[in-house]
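Encoded as structure tokens, the structure appears first; notes follow it.
Residue numbers (the numbering used here), protein chains in the order written: chain A, 1 to 608; chain B, 1 to 320.
As structure tokens, this is what we get:
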């Protein structure tokens, strides 16, 4: 068998939620990292409906993975291989498949009933509409049953193994070894019938490709060499938040508290943390988002690292609580996993439309620090930094993730505790001494300490009312109020001195600077890597959105033209224009999906 | 002779209206805490918004004046991370039973180990006199100039129904009973809920006058006592009895035509709900302890989760 080498392939599995799509998607991803040494980037696409009727258009879910010999930054918008388990899945997803791409369909599911559910007038297999693809139409359900009927005689149960038939076939197409998948199966199912059946089906799918010689060549992807040493895991944005929150507690030697109310797409953080419960880690599910933020404020008052995790509508409900955190000077962290709005919007789709709400969404002059991680792994670093900044500020930090970061996974060479301490400089994290025990740190930034009850000599009352600037007692004096407004404003702006320096990718000055933030960075980076060879262009991803970094002004002045790419109608562009009195060119999209490579590339090239 | 200094008295000026019932409540609280010899730095008063919300400023402990209605959530978080503190939550009828109703009921059903001082003056006073959810039907206020057309809610019935493990009622000026239930509430593990009937002499003056006037109070007040019949009246000669229709009726305390029930605070029973349903216009009106039962408190449940949960023993465990 001939083998051809490519740098990157993209696979998308689509079907009903019961088809086992996430499972085989994860298996091909893990196997590609562990056995073949590739980089991967995965994305889970799921509907709002939990179990929509089988075969219906609204019940289609998907798993997409890019497998590459180079570092990946984003979800691809076109795929090389589409596996559609039924007609509805085909209909919803055929637009993602490249011309001449491979399409695998289960012939057994293309019956009249399913075609009708997917609103196909004609069977697409025979009407020529799929002629521009390499179609593999196999009776997958029947082949699976024939393979395992001796082990699992019940048809409905035997059919459940069909995802492993597909997985075997895909492994043949892309020259993946089956070993790691088989060892996973044995770990999961032991040595019983289910293990034997799935293993047999997996091998039979692989052999099906081999025996029929579906294609003249197998495609293979050379290893990336990125993760040859060290401890490597696959991590999503939400999982990285959970781990980062727990890591913060270990690093800062302080108890962790989180109160939440479930909301898509942030709930996975709550699910993950709920498995860990100890004297030092309290995770609560409360009656609503309002209760959650106020419990977080209460726990912060008790001296714990406290955070909550929510999405759009929850951010609205929590704004009042953030005002109290500012007035009573209690550090809190709020993770907002942005989703399509306004109101209920499209809960499972992603946007970057909450930036202005995060910066300006409260009454009064009420400043919150706003941070945005740029990749799934960066969610880990951002929450540690978020906790640290909230304690320096003694006020709220909002971290803007989004549905794309939450549900995408990338490969991560996990850090040791020393790696993390070195990155942040340990003193930066040693709050137990500097904040809670009333010792001043060398930076002299601390004017007031974190008020935590229990110690004699520090008894006082805090709250939401305005305070006298000297005595700390409640004051309704107008002159004093203006002084306090300015004091809080300065205190907030001084936080920018704690930020890491900005890191420009490419030349430090020149013609064009593309600025982006959050998950949009991934695709912008991919496009940048493509066009930097031919264009004079630099890239800046802003992780600090409020206050803006002190070194940004100089950077903006060093470029002739500034482009801002974001998944909203120009919210960061609005801030940059008003703060720096410069013009910026805005590139926007609000579709609930990430930017597409070609569209974004054309847009950037047209505007530079 | 040297005056015994009360460590719970604050040097801050108290700014409630002269004649406000809150002064008496504050004094009872300060005296009781002082007499128990509690270290004041281990005590936290958390409040919401309203006249009741100012309580933390006027007592010399740690204090947190939070948001309208949200204080029950704040103490839920605080208690989860601090088992060493004595936590008092102060709410009013607007704060606790209008905007904060859901938080109160959820805190109660979780049995968070805090003491609740619910100050009920049946009016929104800090917003200058509108009717509240506990105002009586027909109550004339700035926002109900022709009399309130709404039925009042019954806070004690609600918290009893939500499974509250300690429920009591007292009157602002009745220091003896108030101090006694404060002590019992502090001794109780779990949510201890005290309703204090408070006179707002500006916007709802004399709303509880019949319970405090010497002329009438002995015939109106029923002091609940665990293990005893529901006896009241100046000579303790009257009692609440159950009629054949299972209604309360007033009878002589030895009337054989009635079932004379025994009040039991130590388990959850229907009599507690029936007693809480008696309204101010009924004769008699019960004060004292309605319920005091042992239930598992929220922080103890945390300990049981600890035994089952995954553990982070070293940094690298985070990435497993």
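Ideal Cβ positions, reconstructed from N, Cα and C, are used throughout, including at glycine.
**Prompt:** From residue 519 of chain A to residue 593 of chain A, what distance separates their C-alpha atoms?
**Reply:** Indexing the first chain from 1 puts residue 519 of chain A at position 519. Indexing the first chain from 1 puts residue 593 of chain A at position 593. C-alpha of residue 519 of chain A to C-alpha of residue 593 of chain A: approximately 11 Å in a straight line.
message = Which residue marks the beginning of the alpha helix (DSSP H) containing residue 635 of chain A, and which one marks its end?
response = Residue 635 of chain A is absent from the structure shown; chain A starts at 1 and stops at 608.
What is the rounded straight-line gap between the Cα of residue 73 of chain B and the Cα of residue 63 of chain B?
Counted from its first residue, the second chain places residue 73 of chain B at position 73. Counted from its first residue, the second chain places residue 63 of chain B at position 63. Each residue's alpha carbon lies about 15 Å from the other.
Note to self: Which of the three DSSP states is assigned to residue 103 of chain A in this structure?
What the structure shows: To locate residue 103 of chain A, count along the first chain from 1; it is residue 103. Three-state DSSP puts residue 103 of chain A in a strand.
*Burial state of residue 335 of chain A, where buried means 16 or more other Cβ atoms lie within 10 Å*: Mapped onto the first chain, residue 335 of chain A falls at position 335. Under this definition residue 335 of chain A is a buried residue.
Using the beta-carbon of each residue, which ones in chain B are nearer than 8 Å to residue 246 of chain A?
Position 246 of the first chain, counted from the first residue, corresponds to residue 246 of chain A. Those are 312, 318, listed as they occur along chain B.
**Request:** Give the DSSP-derived three-state secondary structure of residue 179 of chain B in the structure shown.
**Result:** As a first step, residue 179 of chain B must be located in the second chain, where it is residue number 179. Correct three-state label for residue 179 of chain B: helix.
*Can the beta-carbon of residue 196 of chain A be found less than 8 Å from the beta-carbon of residue 151 of chain A?*
The count along the first chain starts at 1 and reaches residue 196 of chain A at position 196. The count along the first chain starts at 1 and reaches residue 151 of chain A at position 151. In this structure, the beta-carbon distance from residue 196 of chain A to residue 151 of chain A falls below 8 Å.
Practice prompt. Please confirm whether residue 226 of chain B and residue 265 of chain B have their CB atoms less than 8 Å apart.
Written response: Numbered from 1 along the second chain, position 226 holds the residue referred to as residue 226 of chain B. Numbered from 1 along the second chain, position 265 holds the residue referred to as residue 265 of chain B. In this structure, residue 226 of chain B sits near residue 265 of chain B, with a CB-CB distance shorter than 8 Å.
Let me check understanding here. Comparing Cα to Cα, which of A:383, A:238, A:234, A:578 lies closest to residue 34 of chain A?
Taking the first chain and counting its residues from 1, the one referred to as residue 34 of chain A is at position 34. Of the listed residues, the one whose Cα sits closest to residue 34 of chain A is A:234.
Check: Within 10 angstroms of its Cβ, does residue 155 of chain B collect 16 or more other Cβ (buried), or is it exposed?
Finding: Here residue 155 of chain B refers to the residue found at position 155 of the second chain. It is buried - the Cβ of residue 155 of chain B has at least 16 other Cβ atoms within 10 Å.
Review point. Do residue 83 of chain A and residue 28 of chain A come within 8 Å of each other at the CB atom, strictly closer than that value?
Key: Looking up residue 28 of chain A in the first chain gives position 28. Looking up residue 83 of chain A in the first chain gives position 83. Using a Cβ distance threshold of 8 Å, residue 28 of chain A and residue 83 of chain A do not count as a contacting pair.
Tell me whether the beta-carbon of residue 86 of chain B lies closer than 8 Å to the beta-carbon of residue 78 of chain B. Counting from 1 along the second chain, the entry for residue 86 of chain B is found at position 86. Counting from 1 along the second chain, the entry for residue 78 of chain B is found at position 78. No, they are not a contact pair.
Report the start-end ranges of each beta strand (DSSP E) in the segment 181-223 of chain B that is 3 residues or longer and not cut off at the edges. Whole beta strand (DSSP E) segments, 3+ residues: 192-197.
Q) Which residues bound the alpha helix (DSSP H) around residue 57 of chain B? A) By one-based count along the second chain, residue 57 of chain B stands at place 57. Taken as a continuous stretch (DSSP letters only), residue 57 of chain B belongs to no alpha helix (DSSP H), as it is neither H nor E.
Exercise for review: Could you check the C-alpha separation between residue 308 of chain B and residue 296 of chain A for me, to the nearest Å?
Suggested key: The residue given as residue 308 of chain B occupies position 308 in the second chain. The residue given as residue 296 of chain A occupies position 296 in the first chain. In this structure, the straight-line span from the alpha carbon of residue 308 of chain B to that of residue 296 of chain A is close to 24 Å.
Thinking residue 207 of chain A and residue 23 of chain A are a contact (beta carbons under 8 Å), I'd like their distance in whole angstroms, please.
If you number the first chain from 1, residue 207 of chain A lands on position 207. If you number the first chain from 1, residue 23 of chain A lands on position 23. About 21 Å; that fails the 8 Å criterion.
* Asked: Nearest-angstrom Cα distance between residue 283 of chain A and residue 604 of chain A?
  -> Translated into positions along the first chain, residue 283 of chain A becomes position 283. Translated into positions along the first chain, residue 604 of chain A becomes position 604. In this structure, the CA atom of residue 283 of chain A is about 44 Å from the CA atom of residue 604 of chain A.
In the structure shown, what three-state DSSP assignment does residue 352 of chain A receive? As a position in the first chain, residue 352 of chain A is number 352, starting the count at 1. Looking at residue 352 of chain A - three-state DSSP - the assignment turns out to be coil, as it is neither helix nor strand.
Near-chain B residues of the segment 255-278 of chain A (beta-carbon distance less than 8 Å), N- to C-terminal order: The segment 255-278 of chain A vs chain B, Cβ under 8 Å: 255, 257, 259, 275, 276, 277, 278.
Can you give me the start and stop residues for the alpha helix (DSSP H) that residue 504 of chain A sits inside? The residue labelled residue 504 of chain A in the question sits at position 504 within the first chain. Unbroken run through residue 504 of chain A: none, as it is neither H nor E.
- Residue interval of the beta strand (DSSP E) (run including residue 291 of chain A): The count along the first chain starts at 1 and reaches residue 291 of chain A at position 291. Taken as a continuous stretch (DSSP letters only), residue 291 of chain A belongs to no beta strand (DSSP E), being part of the alpha helix (DSSP H) at 289-301.
Handout entry: Contacting residues, own chain, Cβ-Cβ under 8 Å from residue 286 of chain A (five flanking each side not counted)
Key = By one-based count along the first chain, residue 286 of chain A stands at place 286. A distance below 8 Å between beta-carbons, with the five flanking residues on each side excluded, links residue 286 of chain A to the following residues of its chain, in chain order: 259, 260, 261, 292, 295.
Under 8 Å by Cβ, that's how I've got residue 560 of chain A and residue 527 of chain A pegged, so tell me the actual separation to the nearest angstrom.
-> Counted from its first residue, the first chain places residue 560 of chain A at position 560. Counted from its first residue, the first chain places residue 527 of chain A at position 527. In fact, because the Cβ distance is near 20 Å, the residues do not count as touching under 8 Å.
Report task. Please report the Cβ distance between residue 548 of chain A and residue 508 of chain A, rounded to the nearest whole angstrom; I am assuming they are in contact, meaning their Cβ atoms lie under 8 Å. Result -> Here residue 548 of chain A corresponds to residue number 548 of the first chain, with the count starting at 1. Here residue 508 of chain A corresponds to residue number 508 of the first chain, with the count starting at 1. Their Cβ separation, rounded to whole angstroms, is 18 Å, which puts residue 548 of chain A and residue 508 of chain A out of contact at 8 Å.
| Rounded separation between residue 267 of chain B and residue 139 of chain B - CA only | Taking the first residue of the second chain as 1, we reach residue 267 of chain B at position 267. Taking the first residue of the second chain as 1, we reach residue 139 of chain B at position 139. Their Cα atoms are separated by approximately 36 Å.
Name the residues in the segment 451-485 of chain A whose C-beta lies less than 9 Å from a C-beta of chain B; which are they? Answer in chain order: 451, 452, 453, 454, 455, 456, 457, 458, 459, 460, 461, 462, 463, 464, 465, 473, 474.
Notebook entry, point to check: Roughly how many angstroms lie between the CA atoms of residue 411 of chain A and residue 159 of chain B, to the nearest whole one?
Noted result: Within the first chain, numbered from 1, the residue matching residue 411 of chain A stands at position 411. Within the second chain, numbered from 1, the residue matching residue 159 of chain B stands at position 159. Between residue 411 of chain A and residue 159 of chain B, the C-alpha separation is close to 51 Å.
Report the rounded CA-to-CA distance for residue 99 of chain B versus residue 71 of chain B, giving the unit in angstroms. On the second chain, position 99 is the one that residue 99 of chain B refers to. On the second chain, position 71 is the one that residue 71 of chain B refers to. So the two alpha carbons sit approximately 11 Å from each other.
- Message: Tell me the DSSP secondary structure of residue 261 of chain A in three-state form.
- Response: For the purposes of this step, residue 261 of chain A is identified with residue 261 of the first chain, where counting begins at 1. When secondary structure is reduced to three states using DSSP, residue 261 of chain A falls in the coil class, being assigned neither helix nor strand.
Query raised in the report: Does DSSP put residue 391 of chain A in a helix, in a strand, or in coil?
Result: What you label residue 391 of chain A is simply residue 391 of the first chain in a count that begins at 1. Correct three-state label for residue 391 of chain A: helix.
| said: Runs of 4 residues minimum, wholly inside the segment 204-270 of chain A: which ones carry the alpha helix (DSSP H) assignment? | reply: Segments of the alpha helix (DSSP H) lying fully in the segment 204-270 of chain A: 237-252.
Would you mind listing the beta strand (DSSP E) stretches within the segment 23-52 of chain B that are 3+ residues and don't spill past its ends, in chain order?
Here the runs fully enclosed are 43-47.
Practice problem: Please decide whether residue 62 of chain B counts as near chain A, where near means a Cβ-Cβ distance under 8 Å. | Solution: Within the second chain, the letter at position 62 stands for residue 62 of chain B. At a cut-off of 8 Å between C-beta atoms, residue 62 of chain B counts as an interface residue with respect to chain A.
Looking only at C-alpha atoms, which of B:58, B:295, B:82, B:81 sits nearest to residue 90 of chain B? Within the second chain, numbered from 1, the residue matching residue 90 of chain B stands at position 90. Comparing Cα-Cα distances from residue 90 of chain B to each of B:58, B:295, B:82, B:81, the minimum goes to B:58.
In chain order, which alpha helix (DSSP H) runs of at least 4 residues are fully inside the segment 451-537 of chain A? Listed in chain order, the alpha helix (DSSP H) runs fully inside the segment 451-537 of chain A are 478-493, 520-531, counting runs of at least 4 residues.
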